[in-house]
Amino acid sequence: MTNPLFSDRLLDWFDQHGRKDLPWQQQPSPYHVWLSEIMLQQTQVSTVIPYYKKFTDRFTTISALANAPVDDVLALWTGLGYYARARNLHKAAIIMEESHQGQMPTSLDELVALPGIGRSTAGAIMALAHHQQFPILDGNVKRVLTRYSAIAGWPGNKQIENKLWLIAEALLPEHRIANYIQAQMDLGATLCTRSKPNCSSCPLNGDCQAYLNGNPTDYPTSKPKKHIPTRQSHWIVAQAATGEILLERRAAVGIWGGLWSFPELDNAKDIDHICTKHLSITTDSVTSLHTIKHVFSHFKLEIYPHLIQCELNNNYIAENKNLSWYKIDEALLLGLPAPVKSLIESLQ
Ligand code: SF4
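Counting with UniProt numbering, you get residues 1 to 348 for the letters of the sequence shown.
In structure tokens, the structure reads:
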């Protein structure tokens with residue numbers, strides 16, 4: 001007996017077990033598909049849902065997003081991580097507002113020309129929102145396909161990735177493309193999971209090469225390991241007797257770009273100098289707080305916060321729009337990196 005097509009088995013499985021009640025599936029407009037795809041990059045569905053709801057309540061359309069200050073966008077993104085995604089969303093919305101009448105473009109080439117939209121995200125928009133025959137290749141789909149076809153080699157390698165795109169394209173069905181793409185993502189997220197694939201319930205187990213070879217978890221091949229360096233940073237946590245804290249907006253590029261953080265130094269020996277000469281605060285009362293460790297994809301950060309209790313001095317602030325004293329409840333409404341937010345909450 002021949003095996004039904006890959007896509008038919010996947011669609012039958014989707015009809016019974018696929019996810020159909022995710023918030024973005026209730027509003028599958030190009031804007032909502034785009035937003036959900038960006039939020040879901042490197043992030044679990046359960047984490048994304050509350051952010052997605054807050055974001056779509058505040059920015060109901062691409063135009064609303066384009067016309068909002070980037071600070072408001074970053075503030076709603078606080079805690080979701082990978083902040084370049086939020087900055088790129090905002091930049092892309094502005095381009096669409098100016099060049100596409102506030103609408104998502106309808107061709108793959110125009111989509112991938114926008115900031116933050118790669119081929120897979122563009123494919124998802126084309127398939128889920130425009131019902132066009134385009135494949136995707138997100139982390140879930142890469143895992144399913146490398147196992148199904150027993151493709152060895154790290155999928156971040158261009159040659160392996162190209163091979164996977166060809167397989168993904170060849171497997172596309174001629175009908176129900178949106179359901180099919182969702183089915184691929186759902187199968188990867190719920191059955192073909194990273195460490196415990198539930199192969200006995202999988203509609204692909206009849207010809208999945210990794211399953212037949214008894215080694216599904218050997219795929220996908222892990223990224224070659226390289227040493228992740230550790231950096232140190234010292235934070236000046238200046239707090240006035242009246243409770244306000246001093247925050248500085250970070251440069252637009254680099255880690256936590258555009259978010260508000262504590263003034264930062266590489267070396268603790270410069271604290272006195274920076275406080276007195278640049279921040280105009282006295283350093284009579286300095287307390288070292290607990291070290292904070294934060295891991296990025298390419299380095300680890302050890303943060304040494306120094307609490308400085310001082311008088312609120314506003315004299316120099318007017319000249320520097322990126323430095324400001326905030327009451328704690330006001331500060332918590334800003335775009336903040338997660339460790340800054342936790343530290344501010346602990347100062348309440
Ligand atoms: S049979 Fe197992 S390894 Fe193969 S696609 Fe299904 S869940 Fe993944």
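A virtual CB, placed ideally from N, CA and C, is assigned to each residue, including glycine.
Taking only the alpha-carbon atoms, compute the straight-line gap between residue i and residue j and give it to the nearest angstrom.
i           : j           : result
residue 127 : residue 141 : 14 Å
residue 298 : residue 257 : 16 Å
residue 63  : residue 52  : 17 Å
residue 302 : residue 16  : 47 Å
residue 145 : residue 221 : 12 Å
residue 269 : residue 308 : 14 Å
residue 30  : residue 129 : 5 Å
residue 121 : residue 101 : 21 Å
residue 114 : residue 73  : 18 Å
residue 14  : residue 5   : 14 Å
residue 110 : residue 65  : 19 Å
residue 236 : residue 83  : 23 Å
residue 238 : residue 341 : 15 Å
residue 248 : residue 176 : 50 Å
residue 157 : residue 38  : 22 Å
residue 105 : residue 23  : 22 Å
residue 152 : residue 219 : 7 Å
residue 117 : residue 251 : 23 Å
residue 60  : residue 178 : 23 Å
residue 77  : residue 54  : 9 Å
residue 287 : residue 216 : 52 Å
residue 93  : residue 85  : 12 Å
residue 285 : residue 339 : 23 Å
residue 28  : residue 49  : 15 Å
residue 1   : residue 9   : Only weak support is given to the placement of residue 1: the predicted model assigns it a pLDDT of 43, under 50, and the question is left unresolved by the model.
residue 211 : residue 150 : 9 Å
residue 58  : residue 75  : 11 Å
residue 253 : residue 89  : 15 Å
The beta strand (DSSP E) with residue i in it runs from where to where?
i           : result
residue 304 : 300-310
residue 285 : 285-288
In the DSSP assignment, what are the bridge partners of residue i?
i           : result
residue 234 : 265 and 304
residue 239 : 245 and 309
residue 51  : Partner(s): none; residue 51 has no beta bridge.
residue 295 : 300
residue 326 : 245
residue 260 : 249
Just to confirm the assignment, what range does the alpha helix (DSSP H) spanning residue i have?
i           : result
residue 142 : 139-148
residue 16  : 6-17
residue 174 : Premise fails: residue 174 is in no alpha helix (DSSP H) and is neither H nor E.
residue 250 : Here residue 250 belongs to no alpha helix (DSSP H), and DSSP marks it neither H nor E.
residue 95  : 84-99
residue 115 : From DSSP, residue 115 is part of no alpha helix (DSSP H); its letter is neither H nor E.
residue 119 : 119-124
residue 213 : 209-213
residue 346 : 338-347
residue 32  : 30-40
residue 22  : Looking at the DSSP string, residue 22 is not in any alpha helix (DSSP H), and its letter there is neither H nor E.
residue 77  : 70-77
residue 62  : 62-66
Do residue i and residue j have their CB atoms nearer than 9 Å?
i           : j           : result
residue 281 : residue 246 : yes
residue 191 : residue 135 : no
residue 11  : residue 183 : yes
residue 186 : residue 18  : yes
residue 263 : residue 7   : no
residue 209 : residue 147 : yes
residue 32  : residue 47  : no
residue 291 : residue 304 : yes
residue 337 : residue 289 : no
residue 345 : residue 333 : no
residue 230 : residue 327 : no
residue 279 : residue 233 : no
residue 164 : residue 137 : yes
residue 243 : residue 71  : no
residue 241 : residue 311 : yes
residue 44  : residue 139 : no
residue 349 : residue 306 : With the chain running from 1 to 348 in the structure shown, residue 349 is simply not present.
residue 123 : residue 167 : no
residue 34  : residue 125 : yes
residue 98  : residue 67  : no
residue 154 : residue 226 : no
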